[in-house]
Each structure stands twice: as structure tokens, then as C-alpha cells.
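Quick note on UniProt numbering: the sequence shown kicks off at 1 and runs consecutively.
All C-beta atoms in this analysis are idealised placements derived from N, C-alpha and C, irrespective of residue type, glycine included.
A quick note: this is a predicted structure, and the numbers were derived from the prediction, not measured.
Reviewing the structure listed below.
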Amino acid sequence: MTPARDFETYFNDPALTGNQREMMQFVRQTVHILYPEVQERVAYAMPGFFPVGHTKATETLMLIMANKKWLGIYALPKFNQAYEQRLVELGLHFGKGSIQVPYDFPIDQLQSLLKQIIELNLKRNVE
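Dropping the structure here:
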């Protein structure tokens, strides 16, 4: 996927496969359902979701990026530290602040994971 400046471009990129586009759209829709006031903008050359009134890249709820075999969710290191055991149980690969979600990952588990990410990062941004 080529870096873009416009948020919408990431979701309409002709280079996306059907699975990539579907998961990107699912994450976007789920974020809006869980946190309707979310602000969307590009940060670090990725589409990002931010709480109202927060604009720094370090204040994001999450960033996402379609990769060849998985969707990257960049939820910041505190999430991965707090939920390391859960990520292991789900069989997900993860790094310091990133989570690799394969495109065939169960939607209900992804929705639950997104909810936990948003809740933790909203709490972090309020404190």
C-alpha cells in the first residue's frame, strides 16, 4: 500500500485486495460504533483514529495499515503490555506497539480486541 495524505485514500486504494479492504472497513466501522465521536486523520503515514480533542500521534486510539498477509494495528506499547497474555491466547503476532491480525481472523474476536484497545487508550488519554 502506498502512503497517502488523505484518510479516504487508504480505504479506496485500488492496490487493496478484497480481504484487505473488507477488514480495513470493518475496523473503521467498528471504531465508529464503539466511539462515535472518533476523529480520523493520517499519522505516521497510516490512517488513525483519535479521541475528540486529541491530535498528537501519541494520543491515538489506534493506527491501522493493510499489509500483504495481515492487518497491522498499532495500538501503542501500553496496550500490548497490559494485554500480552490475551494476544498470546488469540495466537496473534505482536511487537512493542503493533499487532498483526491475519485476514482470516474471526470477526467476533477482532471486535472484542478493538473494544479493549479503544477502552484502554481512551482511559490513557483522559489521565
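Delimiting residues of the alpha helix (DSSP H) encompassing residue i
| i | result |
| --- | --- |
| residue 79 | 77-82 |
| residue 7 | 7-12 |
Residues bridged to residue i [DSSP beta-bridge criterion]
| i | result |
| --- | --- |
| residue 49 | 40 and 62 |
| residue 93 | 100 |
Extent of the continuous beta strand (DSSP E) run through residue i
| i | result |
| --- | --- |
| residue 34 | Not the beta strand (DSSP E): residue 34 falls in the alpha helix (DSSP H), residues 18-34. |
| residue 74 | 70-74 |
| residue 102 | 98-102 |
Whole-number beta carbon distance between residue j and residue i, since they are thought to touch under 8 angstroms
| i | j | result |
| --- | --- | --- |
| residue 109 | residue 90 | 6 angstroms |
| residue 73 | residue 46 | So it is not a contact: roughly 10 angstroms between Cβ atoms. |
| residue 30 | residue 111 | 6 angstroms |
| residue 41 | residue 94 | 24 angstroms between Cβ atoms; not a contact. |
Own chain, CB closer than 7 angstroms to residue i, minus 5 neighbours either side, in chain order
| i | result |
| --- | --- |
| residue 32 | 38 |
| residue 43 | 57, 60 and 63 |
Residues near residue i in its chain [Cβ-Cβ closer than 6 angstroms; skip 5 each side]
| i | result |
| --- | --- |
| residue 54 | 125 |
| residue 50 | 39 and 60 |
| residue 121 | 61 |
| residue 92 | 99 |
| residue 118 | 34, 35 and 61 |
Close-in-space but distant-in-sequence residues of the same chain around residue i (CB under 8 angstroms, 5 per side omitted)
| i | result |
| --- | --- |
| residue 116 | 79, 83 and 86 |
| residue 107 | 26 |
**Prompt:** Is the segment 62-75 close to the segment 13-24, with three or more CB pairs under 8 angstroms?
**Reply:** Touching, yes, given that three or more Cβ pairs across the two stretches are closer than 8 angstroms.
**Asked** Is there contact between the segment 75-82 and the segment 97-113, where contact requires at least three CB pairs shorter than 8 angstroms?
**Response** yes
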